[in-house]
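Written out below as structure tokens is the structure these notes cover.
2 protein chains.
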Amino acid sequence: MRLRQVFYGAWALLLMVGLLGCGTEPVNQADLAAANESKVYRWKLITTWPKNLPGLGVAPERLADHLRKMSNGRLDIKVYGAGELVGAFEIFDAVSQGTAEMGHGAAYYWRGKIPAAQMFATVPFGMNAQEMNGWLHHGGGLELWRELYAPFNLVPFAAGNSGVQMAGWFNKEINSIADLNGLKMRIPGLGGEVLARAGGVPVSLPGSEVYTALQTGVIDATEWVGPYNDLALSLHTAAQYYYYPGWHEPGPTLEAFVNKDAWESLPADLQEMISVATRAINEDMLSEFTARNNSALVTLIEEHDVEVRALPQDVLERLKTLSDEVVAESMQGDELTKRIYKSYSDYFSAVKNYHDISEQAYLNARQGSDDGA
Amino acid sequence: MRLRQVFYGAWALLLMVGLLGCGTEPVNQADLAAANESKVYRWKLITTWPKNLPGLGVAPERLADHLRKMSNGRLDIKVYGAGELVGAFEIFDAVSQGTAEMGHGAAYYWRGKIPAAQMFATVPFGMNAQEMNGWLHHGGGLELWRELYAPFNLVPFAAGNSGVQMAGWFNKEINSIADLNGLKMRIPGLGGEVLARAGGVPVSLPGSEVYTALQTGVIDATEWVGPYNDLALSLHTAAQYYYYPGWHEPGPTLEAFVNKDAWESLPADLQEMISVATRAINEDMLSEFTARNNSALVTLIEEHDVEVRALPQDVLERLKTLSDEVVAESMQGDELTKRIYKSYSDYFSAVKNYHDISEQAYLNARQGSDDGA
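Shown next, in the form of structure tokens:
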């Protein structure tokens, strides 16, 4: 009797363990793998964007959602807006040091520390979104980006793109290159250097500070993104003229980066989820901006009387000449910087050659004679 | 002694179960979820592409790889090329009926059965890749596509895009619209109908049959994709002239579809993996074509003496007029067809309005006076 009790007790224990830990399916390889990787990773993701800003700020939230759902909660990432844990421009160092496991921003913000980082965001008169994605994912770009960030203990991923940006908001008309002289403008990265060479005064500010700076006259002009995002920041209430086309950010890649120790602590399936989900977010942000920009543009014009103006052709020509100079000079750094510049330039030259007869030729053919083009 | 033996035996069993099925971590929610979803789903994916064809055929293989890695083998998909299980143009019915769980193809192949399906692949003189992705994922397109395929027991996803295609390979010069008269050309979907209206004879053939048909003179011309993919099919050995720009497929979306019963049998995490991985593949295919087309173009010109020609402007104008007529007439079907056409048209008109001053204006500004444009 006592023997039987013990025996039954042991089976009851076995049954409990089965119910709690093993499910009702027969043991198989997937069970084993799942059991070995059952740890929950609770991560912090810090961003350069105001919390939940449409487009840019929504991307890391969607990334975290995908990862949570795909992993059944095993990778549980909480997103913090700029200033919630650290300031917008402190996220690179904070993730590098492990204060948070992950960040979402734009690589040109780190140009003071790593000039070559700018090539992984956007280059004035350089590649558009589709071309950047080709370089990063099938042209050797991502491997160079990983090499560049490795000494900072970070693993970068492309995680969003706004498409061609607008040239920005101005409180005065731009009729000639001379009108840029003395202009105080919020414009980051290489575009800012080009403006400086044209006699302007570039200022780097996070998104949360742009509106106030423009409203109070600290700056005379600003670029931000495009109609959908700019409307969300109410930039139309602080400036009168809205210029196109953007020449300075023709398809900026947004970045996600992961602290390297945190990355290496992940099992292979969660690593793969991050690699795949960032690619999905990379497509998603561009898709969302593409879908929403026009109705925001119509709102800006029809409800807010914004004046949309084209930059004069000779201003664009001059900016292009200055851009080519600035980019070439900025990338005369160490051996890795030179390799990055060469990789970008060689690829750009090739992709542009084909796009002349494909993407661009098609857009112009589609335009046809409807518009007199 | 005997009692102790039984007791030890029970603990040994417990320990074994622990090692086999539960891992060494304490039991938590993620364990439970993982255990509940430990079933392995072994699926078949059938495609319209030759096995492992660069670009198009590689996409479903990469999709399966991502899913296998993310799920630790719980979603294990084997990819079959055209003709391995069923013929290229039989995959829609085969997945609909459950012969395979998943398919990868292009929606215009199903136009005989569902004319409106063509709108989810590509429309002559319509949207490019970036614009299609915006419509599908943030403009209501995907929801309409799901509604259209629901009666066929299929759940569709966007899963690849080639970008603007080339106008194709021709064994005679095209100097006027009259040169299309009587031309037997492999060209699927709405583009084929436009050719018919211009007096040509459109033929629909899967990729595996295109080369032979052109080589043997069954057809006089063919479009396929672009330099990277066309080189892989050796089309340059069967035709002399390579024309641009493609007007008939300005950014065709490739599709993945899942049998609805198979879809509903999946736990939520695996469903999310399919949703996310198809988005990643959607970006990846476009990136790969973008990165590889130019070097293939250079090979075609320099090593194979291919003559690259522009379609005359008046031919493009006439094809555009015919396209607008054909698309409008083809979409006068049932209520859902009309809704799809209206959604596409309204979105296209809006996105084109913005891209006139952003993507297109930028490409033309970048071209600058270097090329006399």
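Sequence order for the protein chains is A and V. Residue numbering for the first sequence follows the numbering used here, beginning at 4 and increasing consecutively. Residue numbering for the second sequence follows the numbering used here, beginning at 4 and increasing consecutively. Ideal Cβ positions, reconstructed from N, Cα and C, are used throughout, including at glycine. These figures come from a predicted structure and were not determined experimentally.
Are there 16 or more other CB atoms within 10 angstroms of the CB of V:A153, so buried, or fewer, so exposed? exposed
Could you tell me which chain C residues have their CB closer than 7 angstroms to the CB of V:Y244, listed as they occur along the chain? This model lacks chain C altogether, as its protein chains are A and V.
Where does V:D79 fall in DSSP's three states? strand
Shorter than 8 angstroms from the beta carbon of A:G249 to some beta carbon of chain V? yes
Flag A:Y344 as yes if its beta-carbon sits less than 8 angstroms from any beta-carbon of chain V, otherwise no. no
Beta-bridge pairing of A:M288 - partner residues as DSSP gives them: A:M288 pairs with nothing; no bridge assigned.
Option nearest V:D359 by Cα separation, candidates A:G249, A:Y347, A:A280 and A:P255: A:G249
If the cut is a Cβ gap below 7 angstroms, which residues of chain A does V:V279 touch? H69, M73, V279, A280 and A283
A:Q168 and A:E252 look like a contact to me (Cβ under 8 angstroms); what is the Cβ gap, rounded to whole Å? 4 angstroms
Taking 7 angstroms as the limit between beta carbons, can you name the residues of its chain near A:V318, skipping five residues before and five after? I177, S179 and I180
Within the same chain, show all residues whose beta-carbon is closer than 6 angstroms to that of V:T281, passing over the 5 residues directly before and after it, in chain order. F160, A162 and A259
Residues of chain A with a CB under 8 angstroms from the CB of V:A162: which are they? By Cβ distance, chain A contributes nothing, its closest Cβ being about 11 angstroms from V:A162, past 8 angstroms.
Do the CB positions of V:F123 and V:T240 come within less than 8 angstroms of each other? no
Just the C-alpha distance for A:M334 and A:L183, rounded to the nearest angstrom, thanks. 25 angstroms
Buried or exposed: A:A331, going by 16 or more other Cβ atoms within 10 Å of its Cβ? exposed
Neighbouring residues, chain A, relative to V:D349 (Cβ below 8 angstroms): What V:D349 touches in chain A: nothing, since even the nearest Cβ is about 11 angstroms away.
What in chain A is Cβ-close to V:G229, meaning under 9 angstroms? Y357 and S361
What does A:W138 reach in chain V if we use C-beta pairs closer than 8 angstroms? A294
List the DSSP bridge partners of A:W172. A:T225 and A:Y245
Proximity test, Cβ basis, 8 angstroms: V:Q155 and chain A: With the sequence shown as reference, residue 155 of chain V is identified as Phe, and Gln is not the correct amino acid for it. No, its Cβ sits nowhere closer than 8 angstroms to a Cβ of chain A.
Distance check for A:H140 and V:L56, CA to CA, integer angstroms please. 19 angstroms
For the alpha helix (DSSP H) that V:I360 lies in, which residues bound it at each end? E338 to I360
Straight-line Cα distance separating V:I277 from V:R77: 12 angstroms
Residue interval of the beta strand (DSSP E) (run including A:H69): Element bounds for A:H69: not the beta strand (DSSP E) but the alpha helix (DSSP H), V61 to M73.
Identify every residue that forms a DSSP beta bridge with A:Y44. A:L78
Where DSSP assigns a beta bridge to A:M188, which residues make up the other side? A:P205 and A:A224
Give the straight-line distance between the Cα atoms of A:G26 and A:S41, rounded to the nearest whole angstrom. Caution applies to A:G26, whose pLDDT of 37 falls short of 50 and renders its modelled position unreliable; the value that the coordinates give is listed next. Each residue's Cα considered, the two are about 13 angstroms apart.
Between the Cα of A:S211 and those of A:G192, A:G220, A:D327 and A:L238, spot the shortest distance and give me the residue it belongs to. A:L238
Is there contact between the stretch 293 to 302 of chain A and the stretch 98 to 112 of chain V, where contact requires at least three CB pairs shorter than 8 angstroms? no
If you drop the 5 nearest sequence neighbours on each side, which residues of the same chain put their C-beta closer than 6 angstroms to that of A:L66? A280 and I284
Confirm, please, whether the CB-CB distance from A:G195 to A:P432 is below 8 angstroms. Lying outside 4 to 376, the shown extent of chain A, residue 432 of chain A is not represented and no answer is given.
Can you tell me which of A:I94, A:A199, A:E64 and A:E104 puts its alpha carbon nearest to the alpha carbon of A:D264? A:E104
Rounded separation between V:Y365 and V:G90 - CA only: 44 angstroms
My output table needs one value for V:E87: the three-state DSSP class, helix, strand or coil. coil
Can you tell me where the beta strand (DSSP E) with A:V311 in it begins and where it stops? E310 to A313
In angstroms, rounded to a whole number, what distance separates the CA positions of A:F173 and A:F351? 30 angstroms
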